[in-house]
Ligand code: GLP
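In full-length UniProt numbering, the protein residues as written are 4 to 246.
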């Protein structure tokens, strides 16, 4: 879909609301959401918070799994993804904070923390809808170019490009951006039932072009989504400019 930003946010919110309400109505189990950081999903969280407040959309019992986390940021750091999600989404709706999960970037046993995170996702019936952005270099979550298409949650080194892109969240100072992260792997993301990817702006045009039309390759990690049976790509005119 190519549409203006506010419309994209509404469409993504519709996908989330759909699974939340469907499971609430069926009474089988609460929905399982995959949530993302970065600027692309912020308007989606605004829209979900609005629907919670104005339309009674309830997230009670819903479980949410984050895509990734920086390694080593202090627990109280505002840019720690756990805190970003708390500020931008969790605190604005009625989800139980104990139901919001993310990889533990402060773990001393990193491989153990990654395995525990995979196990926590596997204990659910699977992620119903995964909100996703894409990096200018084609990364999804923090699966940088060269990531195995079969990867699971693990530690990764951030590329210089990504650290520069994210420096805007750290006083514009790339030196303050962590060098490592924990991220769901590409195979983890592929196991979600429905993936909703948002991208806006000309700087995303090449990544969106590769993701949709390029050859499937670890050099453009988002291209793995071409093998997914249910992906919705939501872009504005600029990000869709090379399609
Ligand atoms: C970050 C996140 C990704 C996100 C990407 C794009 O590095 N780890 O999950 O998709 O950047 O971010 P933005 O939406 O701010 O352009």
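C-beta: ideal position from N, C-alpha, C; glycine also.
- Of all residues, those with a beta-carbon under 6 angstroms from at least one heavy atom of the ligand GLP are 39, 40, 41, 42, 43, 70, 71, 136, 137, 138, 144, 145, 165 and 169, reported in chain order.
- With 16 or more neighbouring CB atoms inside 10 Å of its own CB, residue 243 falls in the buried class.
- Assigned with DSSP and collapsed to three states, residue 53 falls in helix.
- Collapsing the DSSP output to three states places residue 103 in a strand.
- Here residue 113 carries a helix assignment [DSSP, helix/strand/coil].
- When the Cα atoms are used, residue 79 and residue 90 turn out to be separated by approximately 12 angstroms.
- Taking C-beta atoms under 8 angstroms as the contact rule, residue 152 and residue 221 qualify, at a distance of about 6 angstroms.
- Bounds of any beta strand (DSSP E) do not take in residue 164; it lies within the alpha helix (DSSP H) bounded by 163-169.
- Approximately 5 angstroms separates the beta-carbon atoms of residue 141 and residue 210; this is inside 8 angstroms, confirming the contact.
- Residue 82 sits in coil when the DSSP states are folded into three classes, being neither helix nor strand.
- Under the three-pair Cβ rule at 8 angstroms, the stretch 27-44 counts as touching the stretch 69-76.
- Restricting attention to 60, 204 and 165, the CA atom closest to the CA of residue 178 is found in 165.
- Excluding sequence positions up to five before and after residue 26, its CB lies within less than 7 angstroms of the CB of 32, 33 and 34, all in the same chain and listed in chain order.
- The DSSP assignment places 163-169 and 189-193 as complete runs of the alpha helix (DSSP H) inside the stretch 139-203, in order along the chain (cut-off: 4 residues).
- Around the beta carbon of residue 115, a 10 Å sphere encloses fewer than 16 other beta carbons of the protein chains shown; the residue is thus reported as exposed.
- A residue is called buried once 16 or more other Cβ atoms fall within 10 Å of its Cβ, and residue 112, having fewer, is exposed.
- Within a 10 Å sphere around the beta-carbon of residue 81 sit fewer than 16 other beta-carbons, which makes this residue exposed.
- Nearest C-alpha to residue 182 among 167, 171, 160 and 202: 160.
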